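Q: First, the structure itself, so that you have it in front of you.
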Amino acid sequence: MECAWKGRGTRCTGPAKRRCGRCGAVAYCSLSHQICEKQETRCSFFIKKGIHQLGMWLYECPCGTSVISLDCSRSTNGWDLPDELCPCKEPVYPISKHLCSWKEYYEWRCIPLHSPVALLLHWPLTIYHATKVVGLGSWASQISKQLQIHYLGPEKELQQLAVFAELHALFPDVHVHMELIGPAIPQSRDGEKIDLCKYAHCLRTDCFCKSSSNTWGSNSSENLAITLQLRRGFYHDRYKDIAKESSPHFIIAPNAGIAAYSSWLPTMELIKELGVPAVFSDYCEEACHLGAGCISSVTGSTLNLPIQLNPFRQPMVVEDSALLLPCYSNCFLYGI
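Spelled out as structure tokens, the structure:
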């Protein structure tokens, strides 16, 4: 077991033998590293990075909770970071292999590892990884020139939609159409359609990312935008309307909490009937096991995709989790 503070400050002094007295799931090499982790909070991290309560970052710490509830129509299209710290432009070279870690992604996008963008990019990167684990990929014949995704239960993502523009780099020459369906979508945004034609902007005023000519497909007859369609309600209630316009290649439900919400039961019955690959994520392995049990009781079948760690989970622990376990957004994946 590695020290839970490894790579985030001073070098480790030895093996991680000092277990956390509360959860027992993580360990530290020394008392100083254990104290360091306890002192680091989301707010202090964002303050240190100069992005606290700014744009899309506002919703990543407790300070943004009240804003989300009061203003669900609020949106932003910028990183609030210098251009060298964020993916605001096309990749230097096209993606040539399947990425398997944050390190590989950062190297491909020429971003230094100390950049905080992974704290938002776990949304599109989890989608990207999910296409691999269900047998799809940017090179797969099933996708061709269009990828249809049904994305269930968005909440915080509704204020961070600009990050999904990164799907353009991950699936080059593919029109990605994503239906976002969930009860957290405000009535005022039900039916809203958003075309992302640029990457999220950086802070540099003269950067190419702000050029009016820098739009995908501007010199082509092909539609290469990332299309997001918002639908308020539960998937099983809205599917008939959605099916008139969109038939999914696969379904994804980030941080699903299947065992915690009875509304998932009719949705699971529908997913089984559709026979479409469906991937679910959750904050910890225990939640996945509980969710898998619920799926089995409803569908009568076992998982097609066994519970596994998501290499593109959000790399910052969830604060004040009700579980006495380390929890991370999009931490584990499983599916049917």
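Residues in the sequence shown are numbered from 3 upward in steps of one, following my numbering.
For each residue, glycine too, the CB sits at the ideal point set by N, CA and C.
It should be emphasised that the depicted structure is a prediction, and the values quoted were computed from it without experimental measurement.
Could you check whether Asp82 and Arg206 sit closer than 8 Å to each other, using their CB atoms as the reference points?
A: Contact: no.
Q: Under a Cβ-count criterion, where at least 16 other Cβ atoms within 10 Å of its own Cβ denotes burial, should Pro64 be classed as buried or exposed?
A: It counts as exposed.
Q: Determine the contact status of His170 and Trp218, defining contact as a CB-CB distance below 8 Å.
A: A contact, by the Cβ cut-off of 8 Å.
Q: Can you grab the Cα-Cα spacing for the pair Ala261 / Cys333, in whole Å?
A: One C-alpha to the other measures close to 16 Å.
Q: By the 10 Å Cβ neighbour count, where 16 or more other Cβ atoms means buried, how is Met270 classified, buried or exposed?
A: So Met270 counts as buried.
Q: Taking the straight line between their C-alpha atoms, what separation do you get for Gln161 and Ser248?
A: Taking the straight line from one Cα to the other gives about 24 Å.
Q: Where in the segment 287-337 do unbroken runs of the beta strand (DSSP E), each at least 3 residues long, occur, reported from the N-terminal end onward?
A: You should have 307-311, 334-337.
Q: Kindly identify the DSSP beta-bridge partner or partners of His152.
A: Note: His152 sits in a beta bridge opposite Glu181, Ile253.
Q: Leaving out five residues before and five after Lys51 in sequence, what residues of the same chain have Cβ atoms less than 6 Å from its Cβ?
A: Excluding positions up to five away in sequence, the list reads Pro118.
Q: Buried or exposed for Gln316, going by 16 or more other Cβ atoms inside 10 Å?
A: Per the 10 Å Cβ criterion, buried.
Q: Between Leu127 and Ala164, which are expected to be in contact by the criterion C-beta below 8 Å, what is the C-beta distance as a whole number of angstroms?
A: Not confirmed; about 15 Å, so no contact.
Q: Kindly indicate the opening and closing residues of the alpha helix (DSSP H) around Asp239.
A: Counting along the chain, the alpha helix (DSSP H) containing Asp239 begins and ends at 237-245.
Q: Should Glu284 go down as buried or exposed, given a rule of 16 or more other Cβ atoms within 10 Å for buried?
A: Note that residue 284 corresponds to Asp in the displayed sequence, not to Glu. It counts as buried.
Q: Which same chain residues, not among the five before or five after Tyr30, have their C-beta less than 7 Å away from its C-beta?
A: Cβ neighbours of Tyr30 beyond the five flanking positions: Cys5, Ala6, Trp7, Ala18, Arg20, Gln36.
Q: Does the segment 95-110 come into contact with the segment 171-187, if we say contact requires no fewer than three beta-carbon pairs (one atom in each stretch) closer than 8 Å?
A: Taking 8 Å as the limit for Cβ pairs, the verdict is that the segment 171-187 does touch the segment 95-110.
Q: If you draw a straight line from the alpha carbon of Pro279 to that of Val319, how long is it in whole angstroms?
A: Looking at the two C-alpha atoms, the distance is approximately 29 Å.
Q: Taking the C-alpha atoms as reference points, what is the distance between Asp243 and Gly184?
A: C-alpha separation (whole angstroms): 14 Å.
Q: State the CB to CB distance for the pair Met180 and Leu138, rounded to an integer number of angstroms; the pair is presumed to be in contact (CB under 8 Å).
A: Going by Cβ atoms, the distance from Met180 to Leu138 rounds to 14 Å, so no, they are not a contact pair.
Q: Taking C-beta to C-beta, are Ala202 and Gly80 nearer than 8 Å?
A: Contact flag set, yes.
Q: Who are the Cβ neighbours of Cys204 in its own chain at under 7 Å, not counting the five residues just before and after it?
A: Around Cys204: Trp81, Leu83, Pro84, Asp85, Cys88, Cys90, Cys211.
Q: Inspect the beta-carbon positions of Phe252 and Tyr336 and report whether they are closer than 8 Å.
A: Result no, Cβ atoms of Phe252 and Tyr336 do not sit closer than 8 Å.
Q: Which residue or residues does DSSP assign as beta-bridge partners of Arg234?
A: Partner(s): Gly184.
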